[in-house]
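Below is one structure; the comments refer to it alone.
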Ligand SMILES: Cc1cc2nc3c(=O)[nH]c(=O)nc-3n(C[C@H](O)[C@H](O)[C@H](O)COP(=O)(O)OP(=O)(O)OC[C@H]3O[C@@H](n4cnc5c(N)ncnc54)[C@H](O)[C@@H]3O)c2cc1C
């Protein structure tokens, strides 16, 4: 993950496949292609996962509501993928039992839900022990005493997985690099290069050095998420189906303000469904689903978005009495969906689709975080079929490629590592409760972070730990700025908001020392962090 080395390689080598976009879709394609032996490159115009892939509900889920829309194939594929992605990264994709309260006069009703969940489990091949369990009204209220009791008829518990979307994306990027891919963040594809009307590479711009250069590749894949149509326009191929962007917002409150006992998926009066998910010292709530035509590079939560979610929570959990003053942070993301005439934001399919232009550009849009592996397989199969049928490449093998830090025999070993860390953290004057979060985010890579911390400890253990994580982000994960670290490498921005102001300056000083920044650069970076901190609560 050495950025300057990778940039040199991008300039000097020619590639079989070049991918535009370092979200989960592009990352998955890069890993699939590189692991099959294609000479692969990827460019990301900002930081990895800075688009939609750090702004999701952070669930690896089968998409229960797609069953309502009768999308059986989609549910089967993403549902089955959950267990596979869990096996590839058991620390990062962790089982989460979801409570689904059922109501007298709204939602699907008790029996239809019971049958629906049975089909859901069956389509996804869920193990018997994890299959759905229907609950009586009393059992449902015992599971979640904060629920408004009035019209609760019963409930269901079913199995999903929760993750950290940005870390999952970065894990896949790292694995692609170790399989030979040349990958660079802050490198924008600004145009295509053609030879006899066929794409043979891209013009790229290094956003850090401001240098422009060309990258040669036999095949170019556009995995730019919400920006897919922009690149299709650049390629004069935005014809036929087009993207339909919808915005989804999440808000984060301190756990004690919405102490749900487990993740819960509940109906709201307008017929939509919303998650409330406990994560460490917080609970996050989402999401909205509204058409979006604004600036794709700057998507923020509005007062109306926050109000919608607060109201939904207060309707369902009347004792919560949430107000906007409880919101510690928020994030807003864009779903890059495929437009379907006459359908509203919530009705649009989440299926992925591949478009091919006359000049050879392959674009992929739609889909889910959860389905990244199968989407990648379809794209790479197409690339090989179309452009490399004269060469012998193996079938997709990502089902066997364990993500960095994920080499655990079974989930119990993840929990074992957590307990083993407690005494090590104690010796460093750090709370044992940190172990869960550390293992969740880094898996076995946490051992590198703790080794570094033990060699560099001072009298400020909490800050030492933050800086050890920053060290890891710079040296192992291509973090270029404090925001890359605070937001996408560590999750601190959204989930540790009260403490973050204490850590901002030491983190900036650390980055400045490691990356040899001038005073002017330090001030610029501080400005960017402060702007981000403001935006996540500024409504
Ligand atoms: C609110 C919300 C909640 C969601 N919840 C879930 C969930 O819980 N589970 C789930 O499975 N899915 C979920 N999804 C869907 C999932 O997050 C997306 O399908 C997925 O993240 C899309 O990834 P992507 O790589 O296609 O797009 P992105 O992550 O946006 O990546 C595209 C990348 O391309 C880069 N790019 C654009 N133009 C260029 C260029 N010219 N040069 C170089 N790079 C460029 C961008 O900077 C960006 O990083 C959710 C989506 C939203 C919005």
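Numbering (this note's numbering), first residue to last: 251 to 789. Virtual Cβ for every residue (Gly too), placed ideally from N, Cα, C. Nothing here was measured: the structure is a model prediction, and the numbers come from that model.
Start-to-end residues for the alpha helix (DSSP H) that takes in residue i
| i | result |
| --- | --- |
| residue 625 | 622-637 |
| residue 290 | No alpha helix (DSSP H) holds residue 290; the beta strand (DSSP E) holding it covers 290-293. |
| residue 774 | 769-785 |
| residue 266 | Where residue 266 is concerned, there is no enclosing alpha helix (DSSP H), although the beta strand (DSSP E) it sits in stretches over 264-270. |
| residue 744 | 742-745 |
| residue 701 | 696-705 |
| residue 718 | 711-726 |
| residue 327 | 322-338 |
| residue 555 | 553-566 |
| residue 686 | 684-692 |
| residue 677 | 661-677 |
| residue 479 | 478-484 |
Beta-bridge pairing of residue i - partner residues as DSSP gives them
| i | result |
| --- | --- |
| residue 456 | 437 |
| residue 463 | 454 |
| residue 448 | 445 |
| residue 499 | 582 |
| residue 472 | 270 and 613 |
| residue 532 | 504 and 529 |
| residue 494 | 587 |
| residue 523 | 517 |
| residue 540 | 497 |
| residue 369 | According to DSSP, which records beta bridges pairwise, residue 369 is partnered with nothing at all. |
| residue 310 | 411 |
| residue 432 | 291 |
Cβ shell of residue i (< 8 Å), same chain only, five flanking positions each side left out
| i | result |
| --- | --- |
| residue 679 | 711 |
| residue 390 | 349, 351, 352, 397, 402, 404 and 405 |
| residue 690 | 341, 342, 344 and 414 |
| residue 718 | 699, 700, 702, 703 and 706 |
Residues near residue i in its chain [Cβ-Cβ closer than 7 Å; skip 5 each side]
| i | result |
| --- | --- |
| residue 475 | 271, 273, 275, 301, 302 and 586 |
| residue 425 | 281, 651, 653 and 654 |
| residue 317 | 325, 366, 369 and 370 |
| residue 458 | 436 and 730 |
| residue 622 | 274, 275 and 278 |
Limits of the unbroken beta strand (DSSP E) element including residue i
| i | result |
| --- | --- |
| residue 593 | Neither: residue 593 is in no beta strand (DSSP E) and is coded neither H nor E. |
| residue 350 | 344-353 |
| residue 382 | Per DSSP, residue 382 belongs to no beta strand (DSSP E) and is neither H nor E. |
| residue 402 | 402-412 |
| residue 604 | 603-606 |
Nearest neighbour of residue i, chosen from the options [CA to CA]
| i | options | result |
| --- | --- | --- |
| residue 775 | 736, 341 and 590 | 736 |
| residue 739 | 723, 753 and 616 | 723 |
| residue 512 | 438, 395, 753 and 402 | 395 |
| residue 311 | 294, 361 and 373 | 373 |
| residue 217 | 760, 707, 502 and 400 | Missing from the structure shown is residue 217; the chain here goes from 251 to 789 and no further. |
| residue 674 | 691, 690, 696 and 656 | 696 |
| residue 444 | 608, 288 and 566 | 608 |
| residue 461 | 481, 437, 447 and 770 | 437 |
| residue 594 | 645, 633 and 538 | 538 |
| residue 620 | 743, 342 and 286 | 342 |
| residue 716 | 746, 753, 733 and 748 | 753 |
| residue 646 | 254, 255, 279 and 263 | 279 |
| residue 741 | 707, 534 and 567 | 534 |
| residue 782 | 638, 750 and 416 | 750 |
| residue 292 | 632, 382, 375 and 267 | 267 |
| residue 528 | 322, 745 and 789 | 745 |
| residue 632 | 648, 611 and 616 | 611 |
| residue 665 | 606, 683, 648 and 636 | 683 |
| residue 720 | 287, 763 and 526 | 763 |
| residue 648 | 287, 484, 260 and 259 | 287 |
| residue 554 | 259, 313 and 789 | 789 |
| residue 525 | 346, 777, 748 and 725 | 346 |
Contact set for residue i: own chain, Cβ-Cβ below 6 Å, skip 5 residues either direction
| i | result |
| --- | --- |
| residue 420 | 298 and 727 |
| residue 671 | 685 |
| residue 284 | 290, 426, 429, 430 and 431 |
| residue 785 | 550 |
| residue 743 | 736 and 737 |
| residue 618 | 328 and 600 |
| residue 295 | 438 |
| residue 466 | 264 and 451 |
8 Å Cβ cutoff, residue i in contact with chain C
| i | result |
| --- | --- |
| residue 714 | Of the protein chains in the structure, only one exists, and it is not chain C. |
Cβ pair count under 8 Å reaching 3, the segment 446-453 against the segment 306-314: No, they do not touch.
The segment 325-335 in contact with the segment 464-475 per 3-pair CB rule at 8 Å: Counting Cβ pairs under 8 Å, fewer than three are found: no touch.
Three CB pairs or more closer than 8 Å across the segment 535-551 and the segment 379-391: Contact fails: fewer than three Cβ-Cβ distances are below 8 Å.
Sufficient close CB pairs (3 or more, under 8 Å) joining the segment 488-505 to the segment 569-581: Touching, yes.
Three CB pairs or more closer than 8 Å across the segment 512-525 and the segment 562-569: As far as the Cβ criterion goes, the segment 512-525 touches the segment 562-569, which means the pair count is three or higher.
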